[in-house]
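Participant: So this note's numbering is basically just the index in the sequence shown, starting at one, shifted up by 1. One structure, pasted below without further comment.
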Amino acid sequence: MRKSLQFILVGLASMTGLTISPTIAAAQDLELRVGPGGVGVYDRDRDRDRYDGYERRGPRGCDPDDALDIARGEGLRRAQIVRMSPRSIVVQGMTRRGPERMIFANRRGCPEI
2 MRKSLQFILV
12 GLASMTGLTI
22 SPTIAAAQDL
32 ELRVGPGGVG
42 VYDRDRDRDR
52 YDGYERRGPR
62 GCDPDDALDI
72 ARGEGLRRAQ
82 IVRMSPRSIV
92 VQGMTRRGPE
102 RMIFANRRGC
112 PEI
């Protein structure tokens, strides 16, 4: 009788341990962060799913903000986009000599034409 009672208790303890272990493993994907906004819970899996789609989209073209930043870096003041097409982005602005135009290819990295 005593042996069977021990066998039942060991069986119940092992079953209880198996049901608790998945909940402990699932809790490892959560972080508790303290910052300027207060205390918050951060889910690691949510960000992994959100940014996973970027690799499948393929190469993107030139971002208009990047083209403006490059033009301003080259000395163009009051730079603005004049025209966008599937092949190029035209940025116009002022230099010391007067009005100036820069044309960028609509490819990744915004190479200047």
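Backbone N, C-alpha and C fix where the C-beta goes; we use that ideal spot for every residue, glycine too.
On the DSSP letters alone, give me the boundaries of the beta strand (DSSP E) that G94 sits inside.
Facilitator: Counting from one through the sequence shown, the residue named residue 94 turns up at place 93. S89 to M95 is the extent of the beta strand (DSSP E) around G94.
Participant: Determine, using beta carbons only, whether I104 and S89 come nearer to each other than 9 Å.
Facilitator: Taking the sequence shown and counting its residues from 1, one reaches residue 104 at position 103. Taking the sequence shown and counting its residues from 1, one reaches residue 89 at position 88. Remark: C-beta atoms of I104 and S89 approach each other more closely than 9 Å.
Participant: Determine the closest residue to A87 out of P100, R61 and L77, with distance taken between C-alpha atoms.
Facilitator: The sequence position of residue 87 within the sequence shown is 86, counting from 1. Per the sequence presented here, residue 87 reads as Pro, with Ala not at that position. For the residues P100, R61 and L77, the minimum Cα distance to P87 belongs to R61.
Participant: Ignore the nearest five residues each way along the sequence and tell me which others in I82's own chain have a CB closer than 6 Å to its CB.
Facilitator: The residue given as residue 82 occupies position 81 in the sequence shown. The residues are P65 and V92.
Participant: From N107 to C63, what distance separates their C-alpha atoms?
Facilitator: As a position in the sequence shown, residue 107 is number 106, starting the count at 1. As a position in the sequence shown, residue 63 is number 62, starting the count at 1. Each residue's Cα considered, the two are about 5 Å apart.
Participant: Once the 5 residues before and after R109 are set aside, which same chain residues still bring their CB inside 8 Å of it?
Facilitator: Along the sequence shown, read from residue 1 onward, the residue named residue 109 stands at position 108. P60, R61, G62 and C63.
Participant: According to DSSP, which residues form a beta bridge with M103?
Facilitator: In the sequence shown, the residue the question calls residue 103 occupies position 102. Note: M103 sits in a beta bridge opposite V92.
Participant: Please report the distance separating the alpha-carbon of R3 from that of V42.
Facilitator: Against the sequence shown, residue 3 aligns to sequence position 2. Against the sequence shown, residue 42 aligns to sequence position 41. Going from the Cα of R3 to the Cα of V42 covers about 48 Å.
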